[in-house]
Structure formats: structure tokens, C-alpha cells
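The structure under discussion appears below in the form of C-alpha cells.
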Amino acid sequence: MDPSRKRAIRLTVALTAALLLASALVYTSFAAGRDEVTASQLLKRARPGQSYVLAGTVLAGSVRHAGDSLLFRVRDPKLKVSVPVSYSGVVPDPFREGRGVLVTVQEQGDTFIGEQNSLTTKCPSKYQAASASY
Amino acid sequence: MALIGRALLILGLLVAVYGSGASLYGARSGRREWVDSGRRSVYALAALMTAAFAILEAAFLRSDFSYTVVAAHSSTTTPTFYKAAAAWSSQEGSLLLWVWLLSLWSSLVLVLTRRRMPDIASYATAVLLGFGGFFTAMTVFFANPFATTATPPAEGAGLDPLLLHPSMMIHPPMLYSGYTLLTVPFAFAIGALVTGRLSSDWIAVTRRFALAAWLFLGIGVVLGARWSYTELGWGGYWAWDPVENAALMPWLCTTAFIHSIMIQEKRGMLKVWNASLVLASGTLAILGTFLVRSGILDSIHAFGASTLGVPFVLLIAAMVIGGIGLVIWRREELRTEARIDSLLSREAVFLLQNLVLVAMVFVIFWVTFFPLISEALTGTKVSVGPPAFRPFIVPLALVLVALSGIGPIIAWRRVTVANLRRSFTFPALAGGLTLLVLLVASGAAARPFALIMFALAAFVLATVAQELWRGVTARRAISGEAVPLALAQLVRRNRRRYGGYIVHAGLAVLLVGVAGSSSFQHSRDVMLRPGQSAIVDGYQIRYVRPTAAASAQKLSFGGVLDVSKAGHHVTTLTTTRGFYPAQDISLGELGRFFNGQSDSDVGLQAGLTRDIWTVVNPDLTPLQPLISQGDRVFGAAMVQAMRTVGRLPLAQAQQALAPLWRERDQAISELAARFVTHPWAVNFLLIVSPLVSWIWIGAIIIAAGGLIALWPVRALAPRRARSYAAGPPVAPAGLHPREGTGALVARESAGALAAREGTEALAARESAGALAAREGTGALAARESV
Amino acid sequence: MEFLIVLLILTLVVLVVTAPLRRPEAAAPARARDGGARSRARLEELEAAREAKYREIRDADLDHRTGKLSDADYETLDRSLRAEAVAILRELDRARAGAAT
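Residue numbers (the working numbering), protein chains in the order written: chain L, 1 to 134; chain F, 1001 to 1786; chain X, 2001 to 2101.
Pasting the structure below:
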């Protein structure tokens, strides 16, 4: 086999492998990904009994302890709305007002109950969330 | 002083813009004085930024709260070390640190390349000053570190308690050093592409900067992981969080680059790869810097809210488009004649490692940015958690480790049966044996990926041991030294090679730690009363007694745990959770001390075989009735007191209130003490994690190897001048004047002479115009003609 | 007061940075000045190339001793590397002779 044909074959194999990897990645992302909703989206489309992953920043001044539950409000990144969350379980150390959080919630009455141990915070970054308060 | 600081920044911006333009003009017109002026601009920028940074640090150290950044990130109660470090915990201060480091490294590279590559260096200067100008502009227009307020508060907000940890304070300077060092090879690559001078010169000069960048970035990443493990109460060291990925991606890309350039040096191949890799590494470094300060991954909307977002995106876009454009424009000069002969060759292994590393970067990039991509495409943010990474990263990591073992021992051009037999037998046996033993004698078979990683690690360690052994033997055959000395000299004379092998060994060790701790971890989340115990992975962990402490900074509640195995005491762990007072009075006069931000103080016993790790999550509900009572009492007392002292001047009012504060503090202490006197069940997270310590040990080995590879061989230049001036040279003992080039070079390659001595001798020969060189040439020519 | 300090720093910076532009040689034709710098640069490049070539020869030897280069491949490689080294040395001699004149 002459060298240029060898190269062509190698190139094809490499590109095919790359394409496979890319497709696998795209597929996994869309399949295993979970929809994140913002506070405004949650208020709009929440149905009782359905779980949603709520993403947003913790509203300044909204953090309270009530029994063994943590109460806080998650605000929408753009609009001036926030939703109340009642969460029990492990609270990550970086949790504080102004931090980005993800929590799985279900609607219950006029508040949202956070699933046990589903609260995660983003690693602290230099980004000063201007959205910590309205 | 703040005014001077701001003026220095503005001056820095002007100097950077001027210098960039001057260098460009000088490069294009060939007028050296403009290039020199550009170079001096770099030095001037370094001086200005040093002064500005010093002013900022001084403000932090003396707790000058008229500076808004100092008030926002420091306090009088912050320990001195952390006061200094608080300078870069702010957006503004960190940008200043970035541009300061950039100006330092830029000055260094220009000093080192004073006389070389004038064409490339002038374009590189323009690029470096471009970066300097950009970041200075950020501090001048968007994030001013020297902003002051007319009404300084009496006390600052203090540092986030999570950051009061040594590794968390060194972590940013390490990362920024890494990022800024990467701009140097980037700038020289741009210069090489623009001028079309694509021989290996630009690589030779900047290779060390890339290696240093790699080292610092790696240290920064590991420090972050260590902090996460020992400070954040979740028990892990890597969460695939965007800010973590932001530093990992350029590190992986730089790893590919520093390997790939070896192929260019040896065989002139992979030039397009090298140009692309270095441009990608520089771009990823800027991207990483941008990711952690723009909020872009919170949401596209958050990105819009941050003032830094748009300029950074423009810069990154310029780097990407410019880089791709330059590489395409110069593709002819980057083309090489040499081809990879066989897929079973060292060249092919290097190419494969490029592909694997780039694939890893791509995967991490995709999963990190996927929420944005999906938001842009579908309007919904879809997040992909860490489990999504693993099916891709783990196999890629396994291949990478395998390559790190195969690469150093496989033959150039094409592998032969002899080569296989000679070089692969021992490492393959080691790997195979390890695999067999672990399969049979341990429960590792339950986790095939970890098992394969252990076997591959054994393979890699065996290859490194074999290489060291062979090198020592070869050296001893000539020098007859004792083994330890031979080893030291071998490594000293071949720092790049053996430094690199040590890094591979360190990587194998580190990944053993990762595999062990991810695959074989046991964790339990339990509620325990004092005296109760739980069993985790054969260890019996008993909650002995509760602890409580109250101080001005925080309240801590925790426990002492006794760990034993098979009846034998193993260790005693202490863990607490600290509660910091909130500023919000609506939480109650007493309540705000119990309901503020909290963090964990991890109880950790590290060992060579396993770590025992615990955090406590005390629920303070049982105290709540008493706290509420206290809130009412003190709330009323406060209202009463305010009426009485409301009219008094500040100092007198504070004096009058002091007894009230003392009583409040007393009440808080007593409440806290109830945790000990009337204990209740609290929640503990208990984790037994095997082999974690090997991650840190492996990282130290990697750093040592990197340092060895980085360590400079003493420069030739000063010696040359001396040999000219010293008059007739004296031949070093053992060398015949007639031996000539061939023999001299042969001696060097046998490692019998120090590299320096050999070239010194040769320099001596040349300067005397001795016959040796000509004889050597003649003799060699005679041999060649046969 | 601060304004004066800033002015002082500004003056200093301007002086330092524009010093090359104000040198008397700046008036001289570009080519002549550049020639000296170019030949110095060439010398440094050749010296660096020589060092790199020596390192390659030593690396090849070490590779051969540790079984990564077959005898035949090593012979060919070593010979060509040494020839390249000699070529660089000749070039270096020429360049030095040129610079000395």
C-alpha cells in the first residue's frame, strides 16, 4: 500500500472516531441532561407532583432556619421574581446568599419543597452576582 | 495613595497601547529603535504594575477601609497572611494580580531573548502588551481596585470563611502564574506565524515558559482539589465544576503541547499541531480566566449583567479567529516532508497522545458549556452532571496512562521485535502480574476500570524504573560511579528526559489514588446520639461526646469520634460545624448568631492505605425555643436601651450598651453549652476512602519531575566570552588535540563529560581555530564517502 | 501632592520608554545599525542550534543504549546528526569571522 493511501485511511479512521465521540457526547448530553428551570419558568409551568431542577441565585436576606428545614428564596437571573424553597438535608459549605445553587424541587401549596440532599452550589468564583438582591 | 494607584493603572494602559503600537511599527518598518521602545514599554508596565500592586497590598495590610475592595473583602480581625491574600480574592485585585504577573513574565522573556529572533520578538511584544493593555483596561474602566468611598465603614466584611485556608490563598497566584505564563508561548507563536519563521526557534525559547505554566497550573489545580477535600464538607476533591474545568482544560492542552514539540524538535513533524496546540492553550487560559469572573455559566442573562463579559468574549473571539486564520495562512510553511512511517512507533504514540488529550479537552469543554449551548439552541438550560463525564473521561484517561508508559520505551520510526523484547518484557510482566494478583487476591475485580488503572500504573512505574536502571548502567559503564551518584548525574545531565519520566511515574501514582478513592469508597450518613456508633467499611465509629465553643467570630458545635477496627483503637476524630453571625437583625438578637452562614471543620485521619473522613451537621432545632425566648427578651431590652441612649453621642452610647452586649454574649454561650450538657442526636457523614493520600503524593512527584525538567542548564554565553579573553586555551585532561569534533561529541554523548565541559572544550578549540574541527570534519567526510 | 507624584512618574516613564527614539544613532540609516544587531542575533541562533544538535546526538546515543533505536537506525541517525553539527560549526566559524571584520 503506498504511503499516501495509508495516510488517507488513517485520516478517515481518525475522523470517524472523532465523529463517533462527538455523537456519543451529544447524545449523552441531551439524554442524560436535566432541564434546569429558572424561577420565572418554574412559576409559569410548575405542576404539583412533578420534579424540577431549579437553578438560580439565593436571594439576599431570604435565608432562614425553621426546625430542621432551610428556607430560602431563589431568584430569577433576569426577572425580578423569586420562589420560596423549603429544603432539608445536607447544606453544602459554600451555600450563602448570592451563590448560584441547583436544587430539585416539587411544588407543594405555595412553596416548593426541596428534595433531600439535592442542593448543590456552584464553586465560589469571582463573579459577584449582582442578582443577589433585586 | 488610591489616586496614585489609579493613575498608575491609567499610565499602564497608555504605556501598553503605545508599546504595542511601537513594537508593531518597528517590526514592520525594520526600525530597531521603535522595537526597543516597545521592549522598554514592557519593563515600564512591569514597574508600574508592581507599584500599583504594592499600593493595593499596603491598603489591605493596614485595613484601610476607605478602599471599597478592602472593606468588602477584609476586616480588622482577619489574620495578616489572609489580609495580604484577600487582595486577590476580589475581582478587581485579581485582575491587577493577573496583569502584574503578565508584565513580569513578559519582561523576563524579553530579557532572555534580548538578542535572538528580533523579528518574532517584536510581534510577540506587541501581543503581550496587547494582553497587558486589555487587562489594564479592565481595571481602569470596569473593575477599579482603587475605588474609594468617602464614608469608610468601621469594620470590613471580612474574608469568606471558606477561604481562610492556606492552600486556598496560594491557589489563585498559582493559577494566574500558569495562565499568564501561557501567554508567552502564545505570543511567540503569533510572532512566528506572522513572520513566517517557523523553524523551531520560537519553540526552543518559549518551551520553558510553557513547562513552567504547566507546572503552576497543575499545582493550582491540585491545591484547589485539596482544599475541596479538606475544607468543603462534601468529602470529594473534584466536582467537575465549571471553575475547576476552566483550569483543567488549558493544563491538558499544554501537556499535549510540551510533548508534541519533542516530535518537532526530533523530526520536524507535527508543526501544524504545535502551532494549533499553543494557540489553543493560550486561548483556553484566557477562557479560563473569563469563566470564573463573568458569571456566564450561571446563565446567558447573568453574563449580560456582568460588565466584563462582552470585552472578554471579543478578546477570545479575536484569539480564536486570529489563530485559525494565521495557521491557515501559513499552512505551506508548516507542512513537513517527514511522515509517520508506522503506527507502532514513538511518533505515532505522540500523535495519539495529542488526540487523546484534545479529545479530553473537547469532552470537558462540551459538558461545561452544554448548558449555554442548549439554552442558546432550545431556550432551556440543560445541565449535565458529573456522572456524564465519566464514560468519556475514564477510558481516555486509561489510554493516556498506557501511552505514558509505552511512549518512553517504544522505538523511533518503527517498533521491531527486538525492541519489543528488550523494552516491553519487564513492564508488561509487571502490569500483568499486578492484574493477576489483584484479580485473585482482592475485591478489585468488582471495579474493572480501577483494576485496569492499577495494572497500567504498575506498567508505567516499571517502565520508569527500567529506564532509570538502563541509564544508570550505561553511565556506570563509562564512569564507574556508584549507583546513587550515577543516578544523580544521569538525571542532572538529561533533565528533560528523566524529569519527564518522573512526571509519568507521579501521574501513575496520582491516578492510582483517584481510581482507589472513586471506586472503593464507603460512605454513610447517620444520626448518632453520644455513645452510639456506626460501622463503615469494617471501622466502628463511635460518637464519644459533643463539643461546643463560642467566640467573637463564630459558634462551633461538633463531636469527638472514636474510630476502632477489630477492637483496636485506630484514631480519634474531631469535627465541628461553625456558625457565623448573620447581619440581619430580623433573625433575632440571639437568633442571628445561630442562623447565619455555616461551614464545616472536617475531621480527617489520612493514611497511606485509606482516609477516614467525617463532617457533622448539627440540627439546632432543639435550641430554637430557648433562642426565640432570648430573642424576645433581648429584643425588648434593645428597644428599651435604644430609647435611653438614643440621644447620647456615639462613644457614650456604645459604653452604655456594653453591659447589654455582655449579657447577650453570656446568653449565647450558655445556649451553646446546652449542646454539651443536654445533647441530642446529630447527623454525621462518615467516609472511608482508600488510597486518597496517593493523589497528593503523586502530585508532589509530578511537581518534582516538572521542576527537574524545568531546571536550566547553565548558560553557555558567559563562558564563551571568557574563553575568548583567556588567551590560548588549555586542553582539558584526557582530550587529544587531534580527536576533533567526532570524538569530542562522542564523549559528550557517552555522558562522560559534563555538557558544559564538552562544549567549553569545543569552544576553546574553535576560538583557537584549532585543527581539531577541520580534522574532525575531514575524518567524518572521509567516513561518509565510503 | 499626589498629582505631582503622578506627574513625576509619567515623566520618568516617558523618558525611559522613548530613550531609544532619542538616541543619536536613531538618525543613522536603519540598515547600518540593524546590521550589527542582525549579526549578533545570527550568532546566538547558531549557538543555540549547535547546543540543540549536541543534545540530539546525546539523546540518540542514550536512546540507542536503552534499546529505542536499532543499530542500523542509530548509525544512520548519528552520522547525519554529526554532519549537521559540523555544518553548524562551519557556519558559526564563518559568522564569527564575518562579525570580527
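Where is the CB? At the ideal position from N, CA and C, for every residue including glycine.
Partners in chain F for residue i, counting only beta-carbon separations shorter than 7 Å
i, result
"E2044/X", "R1115 and R1116"
"P48/L", "Within 7 Å Cβ-Cβ: nothing; P48/L doesn't reach chain F, min ~21 Å."
"R2094/X", "Those within 7 Å of R2094/X in chain F number zero; the least Cβ separation is about 12 Å."
"G61/L", "D1584"
"I2005/X", "I1004"
Paired residues, beta bridge with residue i - DSSP
i, result
"R1496/F", "Answer is none; R1496/F lacks a bridge partner."
"L1685/F", "D1525/F and V1615/F"
"F112/L", "V85/L and E107/L"
"Q1605/F", "I1612/F"
"Y52/L", "V105/L"
"Y2074/X", "In DSSP, Y2074/X forms no bridge with anything."
"R1542/F", "S1533/F and D1562/F"
"H1568/F", "K1565/F"
Straight-line Cα distance separating residue j from residue i
i, j, result
"E107/L", "D1619/F", "25 Å"
"V1070/F", "R2058/X", "56 Å"
"A8/L", "G1132/F", "44 Å"
"G1325/F", "L1587/F", "59 Å"
"A1203/F", "Q50/L", "According to the sequence displayed, residue 1203/F carries Ile and not Ala. Whole-angstrom Cα-Cα distance: 57 Å."
"Q1652/F", "P1152/F", "21 Å"
"M1638/F", "D1631/F", "10 Å"
"M2001/X", "L2008/X", "11 Å"
"T1463/F", "F1389/F", "29 Å"
"V1512/F", "S1090/F", "36 Å"
"A1477/F", "R2065/X", "11 Å"
"P1732/F", "T1473/F", "For P1732/F, the pLDDT reaches just 36, beneath the cut-off of 50, and the residue's location in the model is therefore unreliable, although a value from the coordinates is still provided. Rounded to whole angstroms, P1732/F to T1473/F spans 26 Å at the Cα level."
"T1575/F", "R45/L", "43 Å"
Distance between beta carbons of residue j and residue i, contact taken as under 8 Å
i, j, result
"V1243/F", "V1292/F", "5 Å"
"A1402/F", "A1457/F", "Rounded, the Cβ-Cβ distance is 10 Å, inconsistent with contact."
"G223/L", "T38/L", "Nothing in the structure corresponds to residue 223/L, since chain L is present only between 1 and 134."
"A1086/F", "T1078/F", "7 Å"
"S1023/F", "V1015/F", "Not a contact, Cβ separation roughly 12 Å."
"Q1532/F", "Y1543/F", "6 Å"
"L1660/F", "A1641/F", "6 Å"
"L1648/F", "A1656/F", "7 Å"
"P34/L", "S1383/F", "Residue identity differs from the one stated: residue 34/L is Arg in this sequence, not Pro. Going by Cβ atoms, the distance from R34/L to S1383/F rounds to 6 Å, so yes, they are a contact pair."
Partners in chain L for residue i, counting only beta-carbon separations shorter than 8 Å
i, result
"R1339/F", "P3 and R7"
"V1382/F", "S29, F30, G33, R34, D35 and E36"
Listed by chain order, chain B residues near residue i by CB distance under 9 Å
i, result
"I1409/F", "Absent here is chain B; the protein component of the structure consists of chains L, F and X."
Interface residues of chain X facing residue i [CB-CB closer than 7 Å]
i, result
"D1036/F", "P2020"
"E1467/F", "T2066"
Buried versus exposed call for residue i [16 or more other C-beta atoms within 10 Å across all chains shown]
i, result
"S1294/F", "buried"
"I1328/F", "exposed"
"G1220/F", "buried"
"A2087/X", "exposed"
"L1528/F", "buried"
"R1421/F", "exposed"
"K2053/X", "buried"
"T1113/F", "buried"
"D2061/X", "buried"
"T1378/F", "exposed"
"E1155/F", "exposed"
"Q1353/F", "buried"
"H1736/F", "Note that H1736/F scores a pLDDT of 35, beneath 50, so its modelled location is shaky and nothing firm can be said."
"G1607/F", "exposed"
Chain-ordered neighbours of residue i on chain X, where CB pairs are closer than 8 Å
i, result
"T1336/F", "By Cβ distance, chain X contributes nothing, its closest Cβ being about 16 Å from T1336/F, past 8 Å."
"T1416/F", "S2070"
Interface partners of residue i on chain F, CB under 8 Å
i, result
"A14/L", "L1355"
"R75/L", "Near R75/L there are no residues of chain F at all, since even the closest Cβ is about 11 Å away, more than 8 Å."
Contact set between residue i and chain X, taken where Cβ atoms lie within less than 9 Å
i, result
"L1011/F", "V2006, I2009, L2010 and V2013"
"D1201/F", "E2045, A2048 and A2049"
Proximal residues of chain F, C-beta to C-beta of residue i below 9 Å
i, result
"L92/L", "Leu is not the amino acid found at residue 92/L; the sequence shown has Pro there. Residues of chain F passing the Cβ test: L1232, G1233 and W1234."
Proximal chain L residues relative to residue i, where beta-carbon distance stays under 7 Å
i, result
"T1473/F", "Residues of chain L passing the Cβ test: none, with the nearest at roughly 37 Å."
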